[in-house]
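First the structure, in the form of structure tokens, and then the observations on it.
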Amino acid sequence: MFRPQIQKTTTLFFIALFNVFMVYISVNSYVKVSQSGIDERINATQKMNFILEKIKNEFNNFQENDIYNSGIMGVEKSSITSVSDLDESMLVSKQITTHPNFAALIVALFQEANLVKGDTIAVSMTGSFPGANIALHSACITMDITPIIMSSISSSSWGANIDNLSWPIMESYLYDNNFINSKSIAYSIGGKNDIGSQIDSLGIDRIVSIAHDATDDGVIFINEQTLQDNILAKIDLLREKSRNYSAYINIGGGSASMGKGIFKDTAQVGLLTPLDIEYMDLSGFEESIAYEFIKPESDMYKQVPIINIKNIKKLTKNLFHIDKGIEMYEGALFYKYYRYNPFVILLSLLLTLGLIIGVGLYSHLQIKRRMESNEIDSII
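Residue 7 is where the sequence shown starts when you use the working numbering, and the numbers rise one by one after that.
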């Protein structure tokens, strides 16, 4: 029995399957649009990648947990370790900051805070996050921003806690070889109360030795008797260097930088403005370096925002995922992704209509030929 192509079961099944496939493609299509300021983010990522390569080649530090092969991951425990913790979140936080894309995140935070070329920022760095420190250096170089930096030497697990690869050693190597254009103006022990209260005497001796090596070129070692004395000494030194800061950057959970109260653990990460803390419990935070910048006691100084680089998993949510295959210059830090690409949808529609019309025309031609053949047979 004659049946045109459009009436055949196999043809109808193929058309239905093709239509389903086109719908699937359309629903899962997206438009990829560059983020504002993408050039600076890419340049900072390139700079951080370059710096990490230099450190890796110089110090040959290879750790099993260094999933991005950065060369700056530390160990679980050492003499200069301030907090030893097997919690996976601590390890993951350290790993995230070693990816070069983290420099793009710092640039994004700078852009959100409206920092521009020529600005000066105050920075509190920590040995616990060498990756974040290097990312900040890379962002500052890219955006031509001047950082006035103070750093703590000790480190929690997986940070810069290897005796011969502490943060001052890394930073001095990078600065002396012109890979970065600024370095810390002062170091402190860090850890509990910023004076390493929980570190044993052997560890303190090693940290002091590192500090003395790092301060030979005029860098100051701040090591007062109490946390409050350390805070005051650091504030005085920062104010001495500049009275025109545009932001205060906190990296890590240093008690001198962000205080000892619940505010340190409950404050939002990323950009923090004076309005954001208006109705928060500031217990403990009022005795910190950060508070002096966001709520200065003297009218001589302006209020500036804080960029709080802490709780890394929360900070990078929807931006980073721990994956060995994550590529540089890709992801939400560089591009916006909008669902439903109009071009893909239009193309899918045209292909679907084209298939149906094509099968219909072919079937019409079959029917016409069949009718003509029947007419000839009847005449004969």
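The C-beta atom is built at its ideal place from N, Cα and C for all residues, glycine as well.
In this text the structure is predicted, and so the values were computed from the model without any measurement.
With contact counted as at least three CB pairs below 8 Å, one residue from each stretch, are the region 116-124 and the region 62-69 in contact?
Contact between the region 116-124 and the region 62-69 is absent, because fewer than three Cβ pairs lie under 8 Å.
Rounded C-beta distance between Ile-140 and Met-54? I'm assuming under 8 Å.
Going by Cβ atoms, the distance from Ile-140 to Met-54 rounds to 6 Å, so yes, they are a contact pair.
Considering only the alpha carbon of each residue, which of Ile-362, Ser-248 and Leu-356 lies closest to Met-306?
For Met-306, the nearest C-alpha among the options comes from Ser-248.
On the DSSP bridge assignment, give the partners of Gly-276 in chain order.
Answer is Asn-314, bridged to Gly-276.
Who are the Cβ neighbours of Ile-186 in its own chain at under 6 Å, not counting the five residues just before and after it?
Only His-143 and Leu-180 meet the Cβ criterion.
What alpha helix (DSSP H) runs, 4 residues minimum, are completely inside the region 210-278?
With a minimum length of 4 residues, the continuous alpha helix (DSSP H) runs that stay inside the region 210-278 are 233-247, 261-264 and 269-272.
Going by C-alpha distance, which of Asp-206, Gly-209, Pro-153 and Ile-213 is nearest Lys-189?
Nearest of Asp-206, Gly-209, Pro-153 and Ile-213 to Lys-189, Cα basis: Pro-153.
Measuring straight from C-alpha to C-alpha, what distance separates Asn-324 and Asn-317?
When rounded, the distance between both Cα atoms is 14 Å.
For Pro-174, count neighbouring Cβ atoms within 10 angstroms of its own Cβ and tell me buried if that reaches 16, exposed if not.
The residue is buried, with at least 16 neighbouring Cβ atoms inside 10 Å.
Using only alpha-carbon positions, find the residue among Asn-229, Phe-108 and Ser-90 that is nearest to Met-156.
It is Asn-229.
Which residues does DSSP pair with Lys-342 in a beta bridge?
Val-39.
I need the boundaries of the alpha helix (DSSP H) containing Thr-87, first residue and last residue.
No alpha helix (DSSP H) holds Thr-87; DSSP gives it neither H nor E.
Starting from the C-beta of Thr-103, find all residues in its chain whose C-beta is less than 7 Å away, skip the five residues before and the five after it, and write them out in chain order.
So the qualifying residues of the chain are Phe-135, Gly-137, Ala-138, Ala-141 and Ile-318.
Give the list of continuous beta strand (DSSP E) stretches no shorter than 3 residues that lie fully inside the region 137-175.
Segments of the beta strand (DSSP E) lying fully in the region 137-175: 152-158.
Give me, in chain order, the residues of the same chain whose beta-carbon lies closer than 6 Å to that of Asn-49; leave out the 5 immediate sequence neighbours on both sides.
Excluding sequence neighbours, Asn-49 sits near Thr-148.
Looking only at C-alpha atoms, which of Phe-116, Ala-220, Ala-109 and Asp-93 sits nearest to Ser-158?
Looking at the Cα atoms, Ala-220 is the closest of the given residues.
By DSSP, does Thr-322 sit in helix, in strand, or in coil?
Coil.
Considering only their Cβ atoms, is the gap separating Ser-163 from Met-264 smaller than 7 Å?
Going by C-beta atoms, Met-264 is not nearer than 7 Å to Ser-163.
What residue range is occupied by the uninterrupted alpha helix (DSSP H) comprising Met-131?
Met-131 -> not in any alpha helix (DSSP H); beta strand (DSSP E) instead, spanning 126-132.
Quick one, which of Met-176, Ser-354, Glu-336 and Ile-201 has its alpha-carbon nearest Val-39's?
Out of Met-176, Ser-354, Glu-336 and Ile-201, Glu-336 has the C-alpha closest to the C-alpha of Val-39.
Assuming Ala-22 is part of the alpha helix (DSSP H), what are its boundary residues?
Where Ala-22 is concerned, the enclosing alpha helix (DSSP H) stretches over 15-33.
Can you give the beta carbon distance from Ser-207 to Asp-200, rounded, assuming they're within the 8 Å contact cut?
With 8 Å as the limit, Ser-207 and Asp-200 do not qualify as a contact, their Cβ atoms being about 17 Å apart.
Does the pairing of the region 332-348 with the region 281-293 give three or more beta-carbon distances under 8 Å?
Segments in contact, no.
Quickly, what does DSSP pair Ile-201 with across the bridge? List them, please.
DSSP, once it has assigned bridges, lists Gly-196 as partnering Ile-201.
Alpha carbon to alpha carbon, how far is Gln-52 from Leu-111? Give it in angstroms, no decimals.
Whole-angstrom Cα-Cα distance: 13 Å.
What is the C-beta distance between Ile-332 and Pro-10, in whole angstroms, given that I count them as a contact (C-beta under 8 Å)?
With 8 Å as the limit, Ile-332 and Pro-10 do not qualify as a contact, their Cβ atoms being about 53 Å apart.
Could you tell me the alpha carbon to alpha carbon distance between Ile-313 and Ile-255, rounded to whole angstroms?
Rounded to whole angstroms, Ile-313 to Ile-255 spans 5 Å at the Cα level.
Could you check the C-alpha separation between Ile-210 and Ile-226 for me, to the nearest Å?
Taking the straight line from one Cα to the other gives about 17 Å.
Between Phe-24, Asp-45 and Met-377, which has its C-alpha nearest Thr-358's C-alpha?
Comparing Cα-Cα distances from Thr-358 to each of Phe-24, Asp-45 and Met-377, the minimum goes to Phe-24.
According to the Cβ coordinates, are Ile-402 and Ala-262 closer than 7 Å?
For the chain, the structure presents residues 7 to 386; residue 402 sits outside this window and is missing.
Roughly how many angstroms lie between the CA atoms of Ser-161 and Met-131, to the nearest whole one?
Going by the C-alpha atoms only, they are around 11 Å apart.
Measure how close the beta-carbons of Gly-259 and Ser-289 come, nearest whole angstrom, since I'm counting them as under 8 Å.
Rounded, the Cβ-Cβ distance is 16 Å, inconsistent with contact.
On the criterion of 16 or more Cβ atoms from any shown chain inside 10 Å, does Met-377 qualify as buried, or is it exposed?
So Met-377 counts as exposed.
Between which two residues does the alpha helix (DSSP H) harbouring Val-113 extend?
Unbroken alpha helix (DSSP H) run through Val-113: 107-118.
Give every residue of the same chain whose Cβ lies closer than 7 Å to the Cβ of Tyr-387, excluding the five residues on either side of it in the sequence, and list them in chain order.
Look at the range of the chain in this structure, 7 to 386, and you will see that residue 387 is not part of it.
Counting C-beta neighbours from all protein chains within 10 Å, is the total for Tyr-346 16 or more, i.e. buried, or is it exposed?
Counting Cβ neighbours within 10 Å, Tyr-346 comes out exposed, since fewer than 16 surround it.
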